[in-house]
Each structure stands twice: as structure tokens, then as C-alpha cells.
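Input: a single structure, listed below in C-alpha cells.
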Amino acid sequence: MNAESEVLLEVRDLKKHFPVRGGVFGRVSGQVRAVDGVSFSLRRGTTLGLVGESGSGKTTVGRTVLGLHAKTAGQVLFQGRDVHALGTAQLKALRPRMQLVFQYPYGSLNPRLRVGDAIGEALLEHGMAAAADVRERVLEVMHICGLASYHYERYPHEFSGGQLQRIGIARALALKPDLIVADEPVSALDVSIQAQIINLFSDLKEEQGVTFLFISHDLAVVEHLCDDIAVMYLGVIVERAPRDALFAHPLHPYTEALLSAIPLADPDAPRQRIVLQGELPSPAQPPDGCRFHGRCPRAQAACAQVEPSLRDLGDGHFVACHLHGAL
Ligand code: SF4
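Laid out in C-alpha cells, this is it:
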């Protein structure tokens, strides 16, 4: 099998609900349906952008894929192995191959540990390098991530936000992972630094063959990096397509609204900004019918009654909207 066509990750009808507790006895009074039936697959060496506003469930998808949250239902298959059916020892053995890059890397670094040691500690923990070889491997990934050798001896507080994110990426990369889940990795950075880190991810994909699940609230951030994009709204994927198709021909009204918010390089170019009314509804009580109908500028009467399913329109373009399928 061609490595590029190998499905590395397959997510099938994944659900993650969190109990809502209340009252003196802390009884369960409801469920937050953070992820409510999400399916996608990710081929080796490609990048899938998972996009949606805060509260859409995208971060929960990433963490449940990695086994950091127990699932409520569905399956996560990593190279055909069901991640949530593995025992503790098997999951620990799999952990180096599925890494997470955080939004705020400083919080995941021990302030008293030199960054070289922080990058190398997981190598020792997982027995992936002898103590004598760790420094060489660490310097290698630091170089790949644009860090200098002298940074090895420095402490986290001595670095800028962009450099800290490079350290976070180097720490994940040291373990030679097959999959990196990057959760809003540039949203805390200045725009000029964002571009540098996006370029680093792009180089890692091209030169190291890393597969990424790239989570972002900002479609503009994923535009140049991702092969495919899935748009989430209130716990479900509402549109999924190859990047170029999604940007050229968005089909879901929510995707259209997200795209209309991206600043154009030419400020005089004609484009109408679609401003969504209202707030994202609570995932504890998602609306009946289409979850987007209360904010959708193109809603029809039936949209409040029947939930649209994700339909395959061909060429890898999927959409969940009654405008694109029989009711
Ligand atoms: Fe809008 Fe109806 Fe389509 Fe939902 S199903 S996105 S409410 S048109």
C-alpha cells in the first residue's frame, strides 16, 4: 500500500458527553454533548484542519482521539487498533506515536527544567534512547524546529511565545510520532510569529512526513497548511472537503459565514461579511432539527424539525444541510 493512501486514523461516530452535576448531592442532571457523532479519516502524511468557534467540540475531539478523555460511544482506530479498547500498558506504549501540541506550551513545561532536558525526558521515560544518546537526538529536533544549540541549557521563562511553541513542537517531535494533534497552536501568538510556526508545521509535514490533526477556531490559519478541512458546529461536523473545494465552493451557511470573516489581501475586493445573529446554543440542550437553524440566514421551516445528515456530494465534499439534499 502507498504510504500516502494508508489511513492512519479513523474516527467512527465518536461521542463524548460530560455529565452535568447539580444540587447538594451532586446528582447528574443532564449531559453536555460536546461531541455528538463525529466521523472522519486521516491518511498518513496529510493534515486535517478541524475548525469551529469556541464550544464547537473540536478540542474534545482531539483529546478523545488521543485517549485523554474516555469516549461515550463510537470508535477511534489508529492504524486499525481501537484506542479506547487498549489496556493501560498498551496505551502507554502507543502514546509516543500520538502526540499533542498545546495552545499554551509554557503551562506544559516544568519551569525548573532546562528545555533540553524537558524535550529529552519523554525519550528516557519511554525507553526510546539511551541516556548517552538523548542530547544528540534533542539537539537534532531542536535544529529541525529552528532552535539553537545554546537554547538547550536555557529555562522556559527565557523564551518568547513563538520560541516556546517551537519547544513544544520539538518535544512532541522527539518521539518520532506518526500523528500530532495540534490544539490551537498559534492562536496565542502574534500574527507575524503565527506565520513562522505555520511554516514550521508545513516543513514537518513535507520533510518529516508527520500527519496532523490541526485544531483551530480560525479558517485563515488552516488555509495554507491543511489538505482537508472539517467544520464543526455544536458537536457535529457540518461540512468536510478538500481545502481548495471548501474555500472555493463552501456549501454550508456556517462555513460561508466563517469564510466571509477572513480579511482579504485586497481590502477593496467585493465581499459581503455574513454576521451571524445570536450565540452558540448550549451543547447541553442542542436545538431540535438542524443545530444551526436559530442562527442560519437561510433557514427554512423544515430546518427546525429534521436534523440533516452529512451527505456525500462527491469528490470528498460532505455537507449536512437541507439546501443540499432531499428532506
Ligand atoms: Fe441552514 Fe437549514 Fe441548512 Fe441548517 S439545514 S444550515 S438551518 S439551511
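Each step along the sequence shown adds one to the number in the working numbering, with nothing skipped, and position 92 is 363. C-beta atoms are modelled at their ideal positions from N, C-alpha and C, and glycine is treated no differently.
Measure the C-alpha to C-alpha separation of Glu-411 and Leu-337 and round it to an integer number of angstroms.
-> Here the question's residue 411 lines up with position 140 in the sequence shown. Here the question's residue 337 lines up with position 66 in the sequence shown. Rounded to the nearest angstrom, the two C-alpha atoms are 26 Å apart.
Which residues in the same chain as His-414 place their Cβ atom closer than 8 Å to its Cβ, once the five residues preceding and following it in sequence are excluded?
-> Here residue 414 refers to the residue found at position 143 when the sequence shown is read from its first residue. Hits under 8 Å: Ser-420.
When the Cα of Ser-487 is compared with those of Phe-563, Lys-286, Thr-331, which residue comes out closest?
-> Translated into the one-based positions of the sequence shown, residue 487 becomes position 216. If we check each option's Cα against that of Ser-487, Thr-331 comes out closest.
Entirely enclosed beta strand (DSSP E) segments - the stretch 399-469, minimum 3 residues = Listed in chain order, they are 450-454.
State the Cα-Cα distance for the pair Ile-464 and Gln-434, rounded to the nearest angstrom.
-> As a working mapping, residue 464 is identified with position 193 in the sequence shown. As a working mapping, residue 434 is identified with position 163 in the sequence shown. Straight-line Cα distance between these residues: approximately 9 Å.
Between which two residues does the alpha helix (DSSP H) carrying Phe-373 extend?
-> Here residue 373 refers to the residue found at position 102 of the sequence shown. First-last for Phe-373: undefined, no H or E at that position.
Span separating the alpha-carbon of Leu-505 from that of Arg-569 = Here residue 505 corresponds to residue number 234 of the sequence shown, with the count starting at 1. Here residue 569 corresponds to residue number 298 of the sequence shown, with the count starting at 1. Taking the straight line joining both Cα atoms gives about 18 Å.
Specify the secondary structure class of Lys-342 as computed by DSSP and reduced to three states.
-> In the sequence shown, the residue the question calls residue 342 occupies position 71. Reduced to three states, the DSSP call for Lys-342 is coil.
For Met-272, is the classification buried or exposed, using 16 other Cβ atoms within 10 angstroms of its Cβ as the cut-off for buried?
-> Position 1 of the sequence shown, counting from 1, holds the residue named residue 272. Note that Met-272 scores a pLDDT of 47, beneath 50, so its modelled location is shaky and nothing firm can be said.
Could you work out which residue in Ser-580, Ala-572, Pro-554 is closest to Val-291 when comparing CA atoms only?
-> Residue 291 sits at position 20 when you count from the first residue of the sequence shown. The candidate whose alpha carbon is nearest that of Val-291 is Pro-554.
For Lys-287, which beta-bridge partners are listed by DSSP?
-> Along the sequence shown, read from residue 1 onward, the residue named residue 287 stands at position 16. Val-306, per the DSSP bridge assignment.
Shorter than 8 Å from the beta carbon of Leu-410 to some beta carbon of chain D?
-> Absence of chain D from the displayed structure is noted, only one protein chain being present.
Would you say His-593 and Leu-584 are within 8 Å of each other, going by their C-beta atoms?
-> As a working mapping, residue 593 is identified with position 322 in the sequence shown. As a working mapping, residue 584 is identified with position 313 in the sequence shown. No, Cβ-Cβ distance for His-593 and Leu-584 is not below 8 Å.
According to DSSP, is Asp-499 helix, strand or coil?
-> As a first step, residue 499 is located in the sequence shown; it is residue number 228 there, counting from the start. Strand.
Determine the extent of the beta strand (DSSP E) in which Gly-320 is found, giving its start and end residues.
-> Here residue 320 refers to the residue found at position 49 of the sequence shown. From DSSP, the beta strand (DSSP E) with Gly-320 extends over 318-322.
Closer than 7 Å: is that where the CB of Phe-589 sits relative to any heavy atom of ligand 1?
-> Position 318 of the sequence shown holds residue 589. No.
Work out the CA separation of Ala-459 and Ser-325 for me, nearest whole Å.
-> For the purposes of this step, residue 325 is taken as the residue at position 54 of the sequence shown. For the purposes of this step, residue 459 is taken as the residue at position 188 of the sequence shown. Between Ser-325 and Ala-459, the C-alpha separation is close to 14 Å.
For Glu-527 and Phe-589, believed in contact at Cβ under 8 Å, the rounded distance | As a first step, residue 589 is located in the sequence shown; it is residue number 318 there, counting from the start. As a first step, residue 527 is located in the sequence shown; it is residue number 256 there, counting from the start. Not really, about 16 Å apart at Cβ, beyond 8 Å.
Taking Cβ positions, are Val-409 and Gly-387 nearer each other than 8 Å?
-> Start at 1 with the first residue of the sequence shown, and residue 409 comes out as number 138. Start at 1 with the first residue of the sequence shown, and residue 387 comes out as number 116. Contact flag set, yes.
Quick one: residues in its chain with C-beta nearer than 7 Å to the C-beta of Leu-547, no 5 flanking neighbours on either side, listed in chain order?
-> Position 276 of the sequence shown, counted from the first residue, corresponds to residue 547. Contacts found: Ala-528, Arg-566.
Does any heavy atom of ligand 1 sit closer than 7 Å to the C-beta of Leu-594?
-> Mapped onto the sequence shown, residue 594 falls at position 323. Within the cutoff, so yes.
Where does Asp-404 land, buried or exposed, given buried means 16+ other C-beta within 10 angstroms?
-> Within the sequence shown, residue 404 is the residue found at index 133, counting from 1. Exposed.
Distance, Cα to Cα, Tyr-525 vs Gln-350?
-> Taking the sequence shown and counting its residues from 1, the one referred to as residue 525 is at position 254. Taking the sequence shown and counting its residues from 1, the one referred to as residue 350 is at position 79. Going from the Cα of Tyr-525 to the Cα of Gln-350 covers about 32 Å.
With 16 other Cβ atoms within 10 Å as the buried cut-off, status of Lys-363 = On the sequence shown, position 92 is the one that residue 363 refers to. So Lys-363 ends up on the exposed side.
Return the chain-ordered list of same chain residues with a C-beta closer than 7 Å to the C-beta of Gly-427, the five sequence neighbours on each side being excluded.
-> Locating residue 427 in the sequence shown gives position 156, counting from the first residue. Checking the sequence, you will find Pro at residue 427 rather than Gly. Around Pro-427: Tyr-377, Leu-380, Pro-382, Val-386, Leu-435.
Cβ-heavy atom distance between Ala-528 and ligand 1 below 7 Å?
-> As a working note, residue 528 is residue 257 in the sequence shown. No, ligand 1 has no heavy atom inside 7 Å of this Cβ.
Can you give me the Cβ contacts of Ala-389 inside the same chain, cut-off strictly under 8 Å, excluding the 5 residues immediately before and after it?
-> The residue given as residue 389 occupies position 118 in the sequence shown. Excluding residues within five positions, the ones whose Cβ falls inside 8 Å are Leu-380, Asn-381, Pro-427, Ile-438, Arg-442.
In its own chain, which residues sit with a C-beta less than 6 Å from the C-beta of Ser-599, not counting the 5 before and 5 after it?
-> Past the edges of the chain, shown from 272 to 598, lies residue 599, and the structure says nothing about it.
Is it true that the stretch 292-302 meets the stretch 312-325, where meeting means three or more beta-carbon pairs spaced less than 8 Å apart?
-> no
According to the neighbour-count rule (16 or more other Cβ atoms, all chains shown, within 10 Å of its Cβ), is His-523 buried or exposed?
-> Position 252 of the sequence shown holds residue 523. Label assigned to His-523: buried.
Report yes if the C-beta distance between Ile-469 and Val-481 is below 8 Å; otherwise report no.
-> Here the question's residue 469 lines up with position 198 in the sequence shown. Here the question's residue 481 lines up with position 210 in the sequence shown. Contact: no.
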